[in-house]
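What follows is one structure encoded as structure tokens, with my remarks underneath.
There are 2 protein chains.
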Amino acid sequence: MSRQRSDEPSSTRYEAVVEKLRAAVLAGEFAPGERLHEVRLTGRLGVSRTPVRAALQKLASEGLLDYTPNRGYTMREFSVGEVVSAYEVRAVLEGLAARLTAERGLSEHDRAVMVQALHDGDDLLQHWQFSDEHRSAYGRMNASFHETIHAAAGSRLLTDMVFLCQQVPVSSPRNVVAFEEKDVRRRHDDHHRIFEAIIGREPWRAEVLMRDHVTSVKSSLVRSLSSPDAVRRLLDRVQARS
Amino acid sequence: MSRQRSDEPSSTRYEAVVEKLRAAVLAGEFAPGERLHEVRLTGRLGVSRTPVRAALQKLASEGLLDYTPNRGYTMREFSVGEVVSAYEVRAVLEGLAARLTAERGLSEHDRAVMVQALHDGDDLLQHWQFSDEHRSAYGRMNASFHETIHAAAGSRLLTDMVFLCQQVPVSSPRNVVAFEEKDVRRRHDDHHRIFEAIIGREPWRAEVLMRDHVTSVKSSLVRSLSSPDAVRRLLDRVQARS
DNA sequence: GCTATCAAAAATGTATACATTGTCTTTGAC
DNA sequence: GTCAAAGACAATGTATACATTTTTGATAGC
């Protein structure tokens, strides 16, 4: 498992196909249960079956596709329940990551990165606006904060699993977008406290805080799913994501 | 992801190769960092490169091998720290599974399976002996108990992740073997309490009990690793496992 | 003796032909 | 008209040839 830096250009066709297919899948270009025929994809992607097969296998191993021997790959269906439980899994995993990081302590570099993320967040919240640019900057800051903790926990298995959680559609950290300003402010305040707990070497506190931090995202999601038009909006966003 | 029943005969060469290679890897036939050349494996396994490549990719996705583009697959190195953290991850995941199962409740069938497992465990402990047969029966009972809870939690992501934890060498549930009778008895008593908490619909209690249950296995492991000859014994077992 | 460079060898990446399996349609019997 | 069996078609599984990249080792230069 264990992915390489995604900003590096892919050195093989196989990797390029993985990225293209993943984007297509997340953009909702395949209906749940739909088969992904190897030959058709070859035409569309301009490569032979070999890299396509490898890419399909990888996406299946990430949980995006189903595979049955001699019958190929089909688009997986993600029920609301699966998305919710992905957040539940993420909550306990990120809680564990925070605990382990608090136990091990932060390197000087990681500490600086987190301080920067907290500072950037403070700034962004002070000049709050609804532009895409602003939201994407917030998303980057948020990802930086969380990823630093995952890495600092020092467990590759844990890092990989958090990645798998985020592969489930709609449960990417970028989805802060869907929620209200008040929730975002509260969550950024969580970040400050989590950092405090890690710096203060309080493993148990770090775990509880992080766990509830992620769980609150789940709650926001569930709440917004209770109004029917919110469901539609959310699904639209997933479908349209390119 | 999501594996099929392992007792079914594999319908493709690829699946057969996955099982053979996994066994070879777990048997310690490859040194950490050693490259697994496709062509050599072809000769050894009697199939062409195509199924071998697919199998290597699958084992890499399970975390057993490392992959670098244009450079192939290498045997991964598992430090003691990685094994320990695999248990830590498993502890929070199985704790979550127990909580979710306690929330959702057990089906009549699952309940019967767990009652059977508890009963079998009681029997086995009453007629304790050190035979391989006895230990393997205990391992089956233990797996049945835990797997029923994983499945009852109703989250495929969670099930798959617990599976991944168990792929880490030395962290398979069958390794009860290495520990003392007293520990085994205590752990079976944990099972009774966990079952009680699930039946009584006490999610929080089920989670805490399960989490500590798995953590205690980690502790036994760490303890047995503190004596040097125990380390050697353990490594021998891993190397010799066929 | 060490390092750098380049060529040969070997390994992985890719395309494609063939084999096997699954699926669908047609045909036949009841 | 319905069902079943057989065959044609299409999709996946496998082998293999070729392309590209990495690795190795030998040679030249310092």
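Listed in order, the protein sequences are those of chains A and B.
Count the first sequence with this note's numbering and you get residues 1326 to 1567, in order.
Count the second sequence with this note's numbering and you get residues 1326 to 1567, in order.
C-beta atoms are modelled at their ideal positions from N, C-alpha and C, and glycine is treated no differently.
Asked	Found
With a CB to CB cut of under 6 Å and the five nearest residues on each side skipped, what residues in its chain are close to B/P1376?	R1338, Y1339, V1342
Count the other CB atoms, across all protein chains shown, that sit within 10 Å of the CB of B/V1440; report buried if there are 16 or more and exposed otherwise.	exposed
Name the chain B residues that come within less than 9 Å of A/D1445, Cβ to Cβ?	Simply none; closest approach about 30 Å.
By Cβ distance below 7 Å, which residues in the same chain neighbour A/F1470 in space, the five residues on each side in sequence not counted?	M1439, A1442, H1516
Among A/P1394, A/L1450, A/F1488, A/E1527, which has the Cα closest to the Cα of A/E1506?	A/L1450
Using a Cβ-Cβ distance cut-off of 7 Å, determine whether B/V1417 contacts chain A.	yes
Closer than 8 Å, Cβ to Cβ, to anything on chain B: give me those residues from the stretch 1394-1422 of chain A, in chain order.	P1394, N1395, G1406, E1407, S1410, A1411, E1413, V1414, V1417, L1418, G1420, L1421
Nearest to A/A1477 by alpha carbon, out of A/A1411, A/V1509, A/E1419?	A/E1419
Taking the alpha carbon of B/L1389 as the point to measure from, which residue in B/S1461, B/L1361, B/A1522, B/S1335 has its own alpha carbon closest?	B/L1361
Which of the three DSSP states, helix, strand or coil, is assigned to A/T1337?	coil
Counting only the same chain and skipping the five closest in sequence on each side, list residues whose C-beta sits under 6 Å from that of B/C1490.	A1411, V1414, R1415
Please report the distance separating the alpha-carbon of B/V1408 from that of B/G1371.	33 Å
Can you confirm whether the stretch 1517-1533 of chain B touches the stretch 1417-1431 of chain B when touching is taken to mean that 3 or more C-beta pairs between the two stretches lie within less than 8 Å?	yes
With distances taken between CB atoms, is the gap from A/M1486 to B/M1400 smaller than 7 Å?	no
Along the chain, where does the beta strand (DSSP E) that runs through B/L1390 open and close?	1390-1393
Here's the rule: buried if 16 or more other CB atoms are within 10 angstroms of the residue's CB, otherwise exposed. What is B/T1393?	exposed
Would you check if the distance between the CB atom of A/L1346 and the CB atom of A/A1379 is smaller than 7 Å?	no
With distances taken between CB atoms, is the gap from A/S1545 to A/D1514 smaller than 7 Å?	no
Taking the beta strand (DSSP E) that B/G1397 belongs to, which residues open and close that run?	1397-1400
Note down, in chain order, all residues in the stretch 1350-1383 of chain B with a beta-carbon under 9 Å from any beta-carbon belonging to chain A.	T1375, R1378, A1379, Q1382, K1383
What residues of chain B sit near A/E1340, judged by a beta carbon separation below 7 Å?	P1394
Interface residues of chain B around A/S1549 at Cβ under 8 Å?	Within 8 Å Cβ-Cβ: nothing; A/S1549 doesn't reach chain B, min ~21 Å.
Anyone know if the C-beta pair for B/A1522 and B/H1475 falls short of 7 Å?	no
With a threshold of 7 Å between beta carbons, is A/T1426 in contact with chain B?	no
State yes or no: is the beta carbon of A/T1337 nearer than 7 Å to at least one beta carbon in chain B?	yes
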